[in-house]
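Working notes, structure below.
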Amino acid sequence: MTGIDLKPADEAVSAAEAAADAAGVTVRELAGIEELNATVHLLSDIWGRTGNPPVTPELLRAFSKAGNYIGGAFDGEELVGATIAFHSTPEQHSLHSHIAGVSHGLIGRSVGFAMKLHQRAWALDRGIGIIEWTFDPLVARNAYFNIVKLGADPVEYLPNFYGVMSDVINGDDETDRLLVRWNLKDPLVVAAAATGRVPAPALLDHVTVAVPADIEAMRLEEPELAHEWRVRVRERLTELLGDGGRIVGFDRVQGYVLETGSAEVAR
């Protein structure tokens, strides 16, 4: 790598180490069949998929051997978080982050933030400037995390992307997803890595699209209402994005903030 390439990687490593220290965890790559088995057990527990894990040890072993990213967060000796990403098509020179999860007891300690910054540093060290992933657009805390805390840009709405997945997180609802693109060297992303959030966008013409405060509880208690929210948000976001709108923020009360197609995008 050239000296120019090393500077963002050095910044990313420092930010990742600071985030891990703040969360009280150690984040590193995982290797060896025992750690990969532990990863499978952890993700199965998080998603409530014992006997039908989201990934298998054999797949992770192959991913690791092929040079893909498997990272874990440790609280002492205990694995409390894991994230898996694989290389995208060569011309994109990017990673697709497939899955990430944190033990239920550590929610709120910013372990997920520390893991994403470790993944960012790993990618930049290898000359990779973009990471993409999908998330459920109805999960407000994930939308806030991805858009506000990390500075990732939502670029595509994907209706029922995985088909119906019966687990404790997705319920029996359709799996709509938002695809986000994390431009790792973008100044807003650099700022978010250092401070834990992007600066508020300078808005011109904008609209908001609300989501439930806790869709996961709603799926358990009122599944029909949860599906109505799914359809409502799908229709509104696809309409606005199709008309040239762009998601530029997320507000905990008002939901998604979009610049309309008639306005100059400020971010």
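When you number the sequence shown by our numbering, it's gap-free, plus one each residue, and the end is 534. Idealized CB from N, CA, C, for every residue including glycine. Remember, it's a predicted structure, so these values are computed and weren't measured experimentally.
How big is the Cα-Cα spacing for residue i and residue j?
{"i": "E483", "j": "V406", "result": "8 Å"}
{"i": "M268", "j": "D481", "result": "The predicted position of M268 is uncertain, since its pLDDT is 41 and thus under 50; no value can be drawn from it."}
{"i": "R503", "j": "S370", "result": "33 Å"}
{"i": "E302", "j": "V322", "result": "13 Å"}
{"i": "V492", "j": "S281", "result": "Checking the sequence, you will find Leu at residue 492 rather than Val. When rounded, the distance between both Cα atoms is 44 Å."}
{"i": "L417", "j": "I300", "result": "31 Å"}
{"i": "L324", "j": "E423", "result": "For clarity, residue 324 is Pro in the given sequence; the question names Leu instead. About 31 Å."}
{"i": "V378", "j": "V307", "result": "18 Å"}
{"i": "R328", "j": "V431", "result": "27 Å"}
{"i": "S331", "j": "T527", "result": "42 Å"}
{"i": "L326", "j": "N304", "result": "11 Å"}
{"i": "G315", "j": "P490", "result": "18 Å"}
{"i": "E506", "j": "G334", "result": "39 Å"}
Less than 7 Å between C-beta atoms, sequence neighbours within five positions excluded: which residues of the same chain meet that for residue i?
{"i": "N413", "result": "F402, A419 and V447"}
In its own chain, which residues sit with a C-beta less than 8 Å from the C-beta of residue i, not counting the 5 before and 5 after it?
{"i": "Q386", "result": "Y336, G338, T350, A352, L362, S364 and I398"}
{"i": "L451", "result": "P275, A279, R387, A390, L391, I395, G396, I397 and I398"}
{"i": "R295", "result": "G338, G339, F341 and H385"}
{"i": "L455", "result": "G418, V465, P466 and R534"}
{"i": "A458", "result": "G418, V465 and P466"}
Closest to residue i by C-alpha separation, out of the options, would be which residue?
{"i": "G513", "options": "S331, L487 and V474", "result": "First, the residue type needs correcting, since residue 513 is Arg and not Gly in the sequence shown. Residue V474 is the option with its Cα nearest to R513."}
{"i": "G372", "options": "S331, E345, R295 and V520", "result": "E345"}
{"i": "L471", "options": "K383, G516 and I313", "result": "G516"}
{"i": "W496", "options": "G511, L507, E506 and V476", "result": "V476"}
{"i": "R519", "options": "L327, Y424, V415 and P421", "result": "V415"}
{"i": "E441", "options": "V422, A367 and N427", "result": "N427"}
{"i": "P404", "options": "A333, V478 and L508", "result": "V478"}
{"i": "W400", "options": "D443, R376 and I374", "result": "D443"}
{"i": "V292", "options": "P454, R376 and T462", "result": "R376"}
{"i": "D439", "options": "L487, L445, V465 and A467", "result": "L487"}
{"i": "R408", "options": "I374, P454 and I366", "result": "I374"}
{"i": "A367", "options": "D288, L525, V498 and L309", "result": "L309"}
{"i": "L445", "options": "P468, P421 and T462", "result": "P421"}
Are there 16 or more other CB atoms within 10 angstroms of the CB of residue i, so buried, or fewer, so exposed?
{"i": "G343", "result": "exposed"}
{"i": "Y523", "result": "buried"}
{"i": "A290", "result": "buried"}
{"i": "I313", "result": "buried"}
{"i": "G348", "result": "buried"}
{"i": "V498", "result": "exposed"}
{"i": "P357", "result": "exposed"}
{"i": "A469", "result": "exposed"}
If I measure Cβ to Cβ from residue i and keep anything under 6 Å in the same chain, skipping five residues before and after, which residues do I get?
{"i": "D392", "result": "A276"}
{"i": "A279", "result": "R387, A388 and L391"}
{"i": "A410", "result": "F517"}
{"i": "Q521", "result": "T475"}
{"i": "S311", "result": "T317 and P320"}
How close, in whole Å, do the beta carbons of residue i and residue j come, if the pair is a contact with beta carbons under 8 Å?
{"i": "A286", "j": "A381", "result": "4 Å"}
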